[in-house]
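Under numbering that gives the first Met the number 0, think of the first position of the sequence shown as 0, with each following residue one higher. Just so it is clear, CB atoms sit at the ideal spot from N, CA and C, and this is done for glycine as well. The structure appears right after this line, and notes come after that.
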Amino acid sequence: MKKIIRKLLLGNVTKMGKPKFNPIERRIQNIKAIWNNDHQDDNGIEKIVRLFLASSQLFFPGIYIKYLVSKKGSEYEDLTVDFYVLFKVALPLMIIVNQWQDNKFILAIMVYLMLETVLYIPTLIFASDLFSKPRSYKRSMLLLFLNYLEMVFAFGVLYSCDNYLNKPFDHWYDPIYFSTVTSSTIGFGEYYPVKAFGKFLVSMQALLVLMYVVLFLNFFSTKVKSKGYFEQDGTD
C-alpha cells in the first residue's frame with residue numbers, strides 16, 4: 000500500500016540536481032537581481048512593482064513551507080505545495096458550511112492566505128527573474144484553477160459576513176453561487192450589492208477575474224505543450 004501511495008503522489012518525476020539556494024535564499028537573491036537590474040532594464044513604477052511583488056512572498060507562509068520540505072527533494076516540495084493550495088481552497092468552503100463568519104480569527108487567516116494567492120501569480124510572471132521554469136506547466140495551470148476556486152469561495156465568505164446585498168442568503172451555497180456568477184460576469188440579477196462595501200467587493204472580484212483569466216491563464220496556456228492522443232499520426 001505504501002508503494003502504491005508513493006507511486007500515486009510522487010510518481011516517477013525527473014530527478015533534478017540539488018539547487019544552490021533554498022526557496023528563501025532564492026527569493027532574496029531574486030530581489031537583489033531586480034534591484035541591480037541584472038536581468039531587465041526596468042525603472043520607475045515598473046521596478047517598484049517588481050520589487051514589491053518579489054518581496055511580498057516573504058510575508059506569507061507558502062515560501063517557508065517550501066523551505067521546510069526543500070531538503071527532501073523537489074518532488075516533495077511540489078507535493079507539499081499541492082496540499083497547501085488544496086487547504087487554501089478548502090478553508091473558505093469550511094467557513095461557509097460551518098457558518099464561521101463571526102470568528103474574526105479564522106476570517107483573518109482566510110483573508111491573509113487569500114492575499115498571498117492574489118500576489119503570487121503576478122509575482123511568478125513579473126518578478127521571478129532568477130527562477131527556473133516549472134517542472135510542469137500543466138501542473139501550474141491546475142494550481143491556477145485551484146487558486147481561482149479559492150477566490151470564488153473566499154469572496155463568497157466575504158459576501159456572507161453581512162447584509163451587503165439586496166436580500167439575505169437563504170442557504171449556505173447561496174454566497175458561493177453569487178460569487179461564481181459574479182466571477183463569470185453573468186449577473187442574473189437576483190442578488191446585487193446595495194451597500195458601499197458590497198459594491199467594493201464585487202468590483203475587486205471582477206478585477207481579479209480579469210487578471211487571472213485574461214492575462215495569467217493566457218500566459219500559462221501558451222507554455223503548455225500537448226502530448227499523447229492529440230499528437231498521434233495516422234489512423235487506427
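Proximity of Met109 and Leu90 at Cβ, strictly below 7 Å = Remark: C-beta atoms of Met109 and Leu90 approach each other more closely than 7 Å.
Identity of the residue in Leu142, Ser73 and Leu157 nearest Lys103 by Cα = Leu157
task = Whole angstroms is fine: what's the gap from Val68's alpha carbon to Tyr75's?
result = Rounded to the nearest whole angstrom, the CA to CA distance from Val68 to Tyr75 is 7 Å.
ask   = Where does Pro192 fall in DSSP's three states?
value = It is a strand residue.
Distance CB(Met66)-CB(Asn35) smaller than 7 Å = The residue you asked about is not Met; residue 66 is Tyr in the sequence shown. Contact flag unset, no.
ask   = Which residues bound the alpha helix (DSSP H) around Thr184?
value = Careful: Thr184 lies outside any alpha helix (DSSP H) and carries neither H nor E.
task = Starting from Met318, follow the alpha helix (DSSP H) in both directions and report where the run begins and ends.
result = In the structure as shown, the chain begins at 0 and stops at 235. Residue 318 is therefore absent and cannot be evaluated.
key: Pairwise C-alpha distance: Ser139 and Tyr228   = The pLDDT assigned to Tyr228 is 45, lower than 50, so where the model puts this residue is not dependable; a value taken from the coordinates is nonetheless given after this. Each residue's CA atom was taken as its position, placing Tyr228 and Ser139 some 21 Å apart.
key: Rounded distance between the beta-carbons of Ser182 and Val151, thought under 8 Å   = 5 Å
ask   = In terms of residues, what are the limits of the alpha helix (DSSP H) holding Phe51?
value = Gly43 to Ser55
Sequence-distant residues of its chain with Cβ nearer than 7 Å to Ile105 (five each side left out) = Cβ neighbours of Ile105 beyond the five flanking positions: Ile94 and Trp99.
query = Does the distance from the CB of Asn146 to the CB of Thr116 come in under 7 Å?
reply = Here Asn146 is near Thr116, since their CB atoms are less than 7 Å apart.
ask   = If you compare alpha carbons, which of Ile23, Glu24, Asn29 and Arg25 is closest to Ala126?
value = When each option's Cα is compared against that of Ala126, the closest is Asn29.
inquiry  = Going by C-alpha to C-alpha distance, which of Asp128, Ile33, Met210 and Leu148 sits closest to Ile47?
reply    = Ile33
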